[in-house]
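Under the UniProt record's numbering, the first residue of the sequence shown carries the number 2, and numbering increases by one thereafter.
Ideal Cβ positions, reconstructed from N, Cα and C, are used throughout, including at glycine.
Since we're looking at a predicted model, the values are computed, not measured.
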Amino acid sequence: ADQTYDYDVLIIGSGPGGYVAAIRAAQLGLRTACVESRETLGGTCLNVGCIPSKAMLHASEYFDAAANGTMAKLGIKVTPELDLPTMHGQRLDAVKQLTGGIAFLFKKNKVTWLKGRGAFVDAHTVQIGEQTVTAKDVVIATGSSVTALPGVTVDNDKQIVVDSTGALELNKVPGHMVVIGGGVIGLELGSVWRRLGAKVTCVEYLDQILPGFDGEIRKESQKMFKKQGIEFRMSTKVTGVAVSGDKATVTVEPAAGGAAETIEADCVLVSIGRRPNTDGLALDKAGLSVNPRGQIETDHRFQTSVPGVWAIGDVIPGPMLAHKAEDEGIAVAENIAGLTGIVNHDVIPLVVYTWPEIAGVGLTEEAAAAKGEIKVGKFPMAGNSRAKTNHDPDGFVKIIADAKSDRVLGVWAIAVPAGTMIAEAGLAMEMGATSEDIAYTCHAHPTHSEAIKEAAMAVRGKAIHV
Ligand code: FAD
Ligand code: NAI
C-alpha cells in the first residue's frame, strides 16, 4: 500500500453505490474509508427509499387484500382494523436491521466509517468536520435528493405537504391525498395510502404515467391503477400549493396553458423526480464541475475528468436505481484495484413494486422499432395457470426481438411477481439469447415465469395457452 496517503480509497456516501464499493475495495485488499453524514449507513435506499417503501407496500397489500374482499374470495373472512403504529414499527425495524447489517459488514471487512459531511480540499484530500483525510483514490457516491417544485414548500413535520420521506411516515391516513407526479414514487406511495383508505388523485404533467417505460405498459398500468381507485389528472401542472390549518389547496392548470382550478387535499406528496447531491462538496477544489443536469460525468470505468477521482450511482447519469448504483460500486472498486469492472447499462431492470408489479429490461417497443425491424410476442397473465389460480389475471408479458437475428432486445411485464420474473429476462439478454432460446428453456409449472416462455413462443405466433 502507498503510505503517502491515509487510505487507498475514500468513498463519500454510504448508499448502495458507496457501501458496496467500500466493501468490494476492502475485499480487494485496499485500505478503505467511507464518509457518511447520516446517523446510519445505507443511504437513501435503506433509510428512506427502497426498503421502508417496500415495508409499507408489503403491509398495505395485506390490509387491502383483507379490506377489498380478495381474502374473502379465498375463504378467509376478516374485517381488518388498521394499527398504523405497528405498521410503522415493522418498517422502522426493517430499516434498523438492514442499516445495522451494513455497519456489521463494514466492521467485518475493516472499512472505516468517517462520520460527517465530506468536502474536497483537493483531488486527494477530503475535509470531514475538523478532520482532513487523504486518499489515493476518491469515489463520489453522494446520491440524490428530492427535486423541489417552485411554489410548493415541503414540510415533512407538519405532514400536509410532504416528499417521499414524509409520505412514508404519515401518522394518520389522509382523507384525500394529492400526488404530484405519476412516476415510480407517486404510484408506489400513492398505492400504499390508497390501500389504507385514502382517496388518491395523481396530477401528472405528461399525457402518460411512468416515463421511460414501454408505451403499452404505461397505458395498461394506468388502466389498472384507475380500476384500483386512483384518479388521474393528466397533462396537468401544479402551479402552487397553499396550506391553511390542516388542509392544502392545490392549484392546477392544463400543461398547455389555460384556466386554473383548485383541488382540496389533506396531504400533498411532491414526487416529480430527484436531483444529484453535489452541494457543499466543493467539487471545484478537486477540479470538477457538473453537467447541465447537475450530474458528474465519468468514463465507462467511472473515472471523472480528474484522475484518481471517481463517481457512481444517482450522482452520475443513468437511471436512479439502487441496483445500478450497487453494480457501479463493484465495478469502480475493481477498476481502482487494477481489475476490469464493467456495467452493461443496456440491461438494467426497472421495477415498480405495486400490485401487480410492473417491470422491464432493455429497449421499449418504441425504441426498438426506431432502431430496426422487430418481432413482438405477447402473452396475457390471464392465460397463465398460476396467475389464474391465484385470482390475479391482470397484466401480460411482452418480448421484443430483432426480426433477423431473433436476439431479445427488451422484455416488459405486468404480473404479481414481475420484479422477480424480470431477472430471467436480464440474464437472457446478457447471454445474447434469442427468443427461441427462451421458448425452448423448460420453465417449472405452475409458475408465473411460464408467461415469459409463452411470450417467447408468441414471438413466432406459437403460444399454447391463448
Ligand atoms: P444514496 O442512496 O442517495 O446515498 C448517498 C449517501 O451519501 C446518503 O446517505 C447521503 O447522506 C450521503 N452523502 C451525500 N453527500 C454527502 C457528503 N458530502 N458527505 C457525507 N455523506 C454524504 N431504487 C431501486 O432500485 N428500487 C427501489 O425500490 C427504490 N425505491 C425507492 C423509494 C424511494 C421513496 C426513493 C426516494 C428512492 C428509491 N429508489 C429505489 C432509488 C434508490 O434509493 C437510489 O437509486 C439509490 O439509493 C442510489 O444510491 P446511491 O448510493 O447513489 O446514493
Ligand atoms: P420520476 O422521474 O419517476 O417521475 C416523476 C413524474 O413527475 C414524471 O412522470 C414527470 O412527468 C412528472 N412531473 C414532473 N414535473 C411535474 C409537475 N410540475 N407537475 C406534475 N407532474 C410532474 O420521479 P419520482 O417518482 O420522484 O422518483 C425519483 C427516482 O427515484 C426515480 O428516478 C426512480 O428511479 C427512483 N425510484 C425507484 C423506485 C423503484 O425502482 N421501484 C421507487 C421509487 C423511486
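Measure the alpha-carbon distance for residue i versus residue j and round it to whole angstroms.
i, j, result
"residue 155", "residue 76", "44 Å"
"residue 228", "residue 221", "11 Å"
"residue 448", "residue 408", "24 Å"
"residue 374", "residue 325", "29 Å"
"residue 333", "residue 52", "24 Å"
"residue 208", "residue 270", "19 Å"
"residue 281", "residue 40", "19 Å"
"residue 224", "residue 216", "13 Å"
"residue 16", "residue 5", "28 Å"
"residue 118", "residue 365", "40 Å"
"residue 285", "residue 341", "29 Å"
"residue 149", "residue 80", "40 Å"
Taking its Cβ as the centre, do 16 or more other Cβ atoms sit within 10 Å of residue i, making it buried, or is it exposed?
i, result
"residue 417", "buried"
"residue 350", "buried"
"residue 398", "buried"
"residue 382", "buried"
"residue 158", "exposed"
"residue 97", "exposed"
"residue 345", "exposed"
"residue 268", "buried"
"residue 343", "exposed"
"residue 7", "buried"
Assign residue i to one of three DSSP states: helix, strand, or coil.
i, result
"residue 438", "helix"
"residue 22", "helix"
"residue 71", "helix"
"residue 44", "helix"
"residue 115", "strand"
"residue 268", "strand"
"residue 219", "helix"
Give me the residue from the options with the minimum Cα distance to residue i.
i, options, result
"residue 446", "428, 401, 388", "388"
"residue 465", "420, 379, 145", "379"
"residue 21", "330, 458, 217", "330"
"residue 347", "436, 463, 66, 432", "432"
"residue 311", "321, 336, 27, 93", "336"
"residue 237", "46, 125, 206", "206"
"residue 239", "259, 204, 217", "204"
"residue 173", "150, 188, 198, 218", "198"
"residue 403", "461, 8, 425", "461"
"residue 124", "131, 113, 138, 117", "138"
"residue 339", "355, 304, 322", "304"
"residue 78", "89, 84, 87, 66", "66"
Just confirm the distance between the C-beta atoms of residue i and residue j, as a whole number of angstroms; I'd bet it's less than 8 Å.
i, j, result
"residue 142", "residue 319", "About 13 Å separates the two Cβ atoms, so there is no contact after all."
"residue 147", "residue 153", "Contact flag wrong, Cβ pair sits at about 11 Å."
"residue 277", "residue 315", "6 Å"
"residue 412", "residue 362", "6 Å"
"residue 10", "residue 136", "6 Å"
"residue 181", "residue 272", "6 Å"
"residue 369", "residue 422", "In fact, because the Cβ distance is near 20 Å, the residues do not count as touching under 8 Å."
"residue 420", "residue 358", "5 Å"
"residue 115", "residue 103", "Actually they do not touch by this definition, with Cβ atoms about 15 Å apart."
"residue 475", "residue 385", "Summary: the structure shown does not reach residue 475, with the chain confined to residues 2 through 467, and so no result is reported for it."
Are the C-beta of residue i and some C-beta of chain C separated by less than 9 Å?
i, result
"residue 378", "In the displayed structure, chain C is absent; only one protein chain is listed."
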